[in-house]
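In this text, residue positions in the sequence shown follow the numbering used here: the first is 21, and each later residue adds one.
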Amino acid sequence: MKTLLTGGAGYIGSHTAVAMLEAGHEVAVVDNYANSSAEAIARVEKITGKKVALYEADVADKERMMEILKAEMPDCIIHFAGLKAVGESVAMPVEYYRNNIDTTLTLLECMRELGLTSIVFSSSATVYGEDNVPPFTETAPKGMCTNPYGWTKWMQEQMLTDAAKASEKGEDWKTPLSVVLLRYFNPVGAHESGLIGEDPQGIPNNLMPYISQVAVGRRDHLTVFGDDYDTPDGTCRRDYIHVMDLAEGHVKAAEYAAEHKGTEVFNLGTGEPYSVLEMVKAFGRACGHDVAYEIGARRAGDVQDSWADASKAKAVLGWEASRGIDEICRDAWNWQSHNPQGYTK
Ligand code: NAD
Ligand code: UDP
Numbered sequence: 021m022k023t024l025l026t027g028g029a030g031y032i033g034s035h036t037a038v039a040m041l042e043a044g045h046e047v048a049v050v051d052n053y054a055n056s057s058a059e060a061i062a063r064v065e066k067i068t069g070k071k072v073a074l075y076e077a078d079v080a081d082k083e084r085m086m087e088i089l090k091a092e093m094p095d096c097i098i099h100f101a102g103l104k105a106v107g108e109s110v111a112m113p114v115e116y117y118r119n120n121i122d123t124t125l126t127l128l129e130c131m132r133e134l135g136l137t138s139i140v141f142s143s144s145a146t147v148y149g150e151d152n153v154p155p156f157t158e159t160a161p162k163g164m165c166t167n168p169y170g171w172t173k174w175m176q177e178q179m180l181t182d183a184a185k186a187s188e189k190g191e192d193w194k195t196p197l198s199v200v201l202l203r204y205f206n207p208v209g210a211h212e213s214g215l216i217g218e219d220p221q222g223i224p225n226n227l228m229p230y231i232s233q234v235a236v237g238r239r240d241h242l243t244v245f246g247d248d249y250d251t252p253d254g255t256c257r258r259d260y261i262h263v264m265d266l267a268e269g270h271v272k273a274a275e276y277a278a279e280h281k282g283t284e285v286f287n288l289g290t291g292e293p294y295s296v297l298e299m300v301k302a303f304g305r306a307c308g309h310d311v312a313y314e315i316g317a318r319r320a321g322d323v324q325d326s327w328a329d330a331s332k333a334k335a336v337l338g339w340e341a342s343r344g345i346d347e348i349c350r351d352a353w354n355w356q357s358h359n360p361q362g363y364t365k
């Protein structure tokens, strides 16, 4: 199968490129390097010994995307490209709506004009909002998002679903669309080679890259955002999923999309919650020393608990996560300790 990964030089895209190539599929990547570098793709090629067709372009640029998609005519597009920092989205909502919504609209217009049929979209557990009780099932109602980033995911899901519905009726569409919406829980870890991993710009917002940077000495200590939640140790619980498990989920999802029509939603998580302090301790075991932390105030907008009911992906896609938190921390540490400054050094 021929796949095209928008945002494929990023954290999840680069790991998915490895999993796709290893499953025997062809990979093209389109990225504008807003939050990544071409070095990640050079390393994907090193890990797999296979070539990636690499295009530098803005996915919102329709003229350019028509050229690229005409040249590639992929069986499936996996749409990772987007801005993803929650805090930044609150400060820069216009940029977030413009980038995330426009990229998806451009892809849909190009797909309609070229008769391309399958798209897999990077959504997020954030669309479940604050009112649902975990484990979240795909049928749980979508909730009210707490930030513009979350709303862009919510809206992109809706746009893709509406387009798939319209395409079934023909009219402007040459063929019915196949849309797979993947709701990621908390992607963490790195490829076991240590050659690719998460490389956040500036101060990390997310827990695992922050812990990694404390462990490697780039930062002094972690601030744990609140220890007064109604959980066993008082800290929030999340469903941390190894990025290679997530990547393998995309292979299954793309293969599924190529053979089905309409819209299907899947959670990609492990179904196992871990607290902030459990992750800090697990990382200490992996790196061989304690990770310094202090307890701080709660972070605005945080939900206490979030984890997946991952049974649908197992039943329908034949996929389930197989790596646990010790492998997550081992691989995150392997990446961080061999690339203390990320891809730049
Ligand atoms: P990332 O920032 O590492 O990757 C996104 C990639 O998209 C980057 O390489 C960036 O340069 C590129 N990009 C952004 N706008 C673009 C545009 N207009 N044209 C071309 N390229 C563009 O992020 P990631 O963690 O790999 O996330 C991938 C996707 O998964 C995103 O859509 C994100 O919102 C979603 N997601 C991520 C998480 C997470 O915790 N990492 C959780 C849920 C959903
Ligand atoms: N967290 C923390 N300190 C940090 C970053 C995150 O205590 O510096 C906590 C955060 O409050 C949440 C968990 O770690 O309970 C996971 O946060 P992350 O931002 O990685 O994921 P999300 O909250 O988006 O699920």
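Note that beta-carbon positions come from the ideal geometry of N, C-alpha and C, so glycine has one too.
Selected residue, minimal CA-CA separation from residue i, among the options
i      : options                           : result
LYS375 : SER109, LEU136 and SER138         : Nothing can be reported for residue 375, as the shown portion of the chain is limited to 21 through 365.
LEU337 : GLY321, GLY30, THR137 and TYR276  : TYR276
VAL236 : TRP193, SER198, ALA352 and ASP182 : ALA352
ILE261 : SER357, THR255 and GLY269         : GLY269
ALA210 : TYR53, LEU41 and TRP355           : TRP355
THR26  : LEU41, TYR53, ALA39 and ALA43     : TYR53
GLU129 : TRP193, GLN178 and ALA73          : TRP193
LEU297 : MET264, GLU279 and CYS256         : CYS256
LYS281 : SER56, ARG84 and LEU197           : LEU197
ARG238 : SER331, ASP182 and SER357         : SER357
LYS104 : GLY214, PRO224 and VAL300         : PRO224
ALA328 : PRO207, ARG63 and THR195          : PRO207
ASN359 : GLU42, ALA48, GLU59 and ALA37     : GLU59
THR68  : ILE216, GLU83 and MET175          : ILE216
GLY135 : MET86, VAL72, GLY308 and ASN55    : MET86
GLU366 : ALA39, VAL263, ALA77 and ALA317   : Here the chain covers residues 21 to 365 and nothing more, so residue 366 does not appear.
GLY246 : ALA335, GLU177, TYR313 and CYS307 : TYR313
ILE121 : GLY308, ASP259, ASP78 and SER331  : ASP78
PHE141 : ARG319, VAL271 and THR290         : VAL271
TYR75  : THR146, ALA91, ARG343 and VAL49   : VAL49
GLU46  : SER34, ILE32, THR23 and HIS35     : THR23
ALA145 : PRO229, GLU340, ARG118 and THR157 : THR157
ASN226 : ASP322, SER57 and VAL64           : ASP322
ALA330 : SER34, GLY289, ASN55 and THR181   : GLY289
Rounded C-alpha distance that separates residue i from residue j
i      : j      : result
LYS66  : GLU150 : 42 Å
SER187 : SER143 : 21 Å
ASP310 : ASP325 : 25 Å
LEU163 : PRO155 : Position check: residue 163 holds Gly in this sequence, whereas Leu was assumed. Taking the straight line from one Cα to the other gives about 15 Å.
LEU89  : ILE345 : 38 Å
ASP250 : HIS241 : 24 Å
PHE286 : ALA160 : 12 Å
LYS274 : GLU347 : Position check: residue 274 holds Ala in this sequence, whereas Lys was assumed. So the two alpha carbons sit approximately 25 Å from each other.
MET179 : PHE303 : 39 Å
ALA183 : ASP51  : 24 Å
ALA29  : PHE100 : 9 Å
GLU115 : THR123 : 12 Å
GLY107 : TYR204 : 19 Å
ASP81  : THR126 : 7 Å
GLU212 : ALA37  : 14 Å
ARG350 : VAL234 : 15 Å
MET299 : PRO220 : 19 Å
ALA39  : VAL72  : 13 Å
Bridge-paired residues (DSSP) for residue i
i      : result
ILE261 : PRO207
SER142 : LEU202
PHE286 : LEU202
LYS332 : Answer is none; LYS332 lacks a bridge partner.
THR26  : VAL50 and HIS99
PRO315 : Looking at the sequence shown, residue 315 is not Pro but Ile. ILE315 pairs with VAL244.
PHE156 : ALA328
LEU74  : VAL49
TYR294 : ARG258
Check: residue i C-beta below 7 Å from any heavy atom of ligand 1
i      : result
VAL50  : yes
THR255 : no
LEU24  : no
SER109 : no
ASP78  : yes
PRO207 : yes
LYS104 : yes
Residue i Cβ short of 7 Å to ligand 2 heavy atom set
i      : result
SER326 : yes
PHE303 : no
PHE245 : yes
VAL296 : yes
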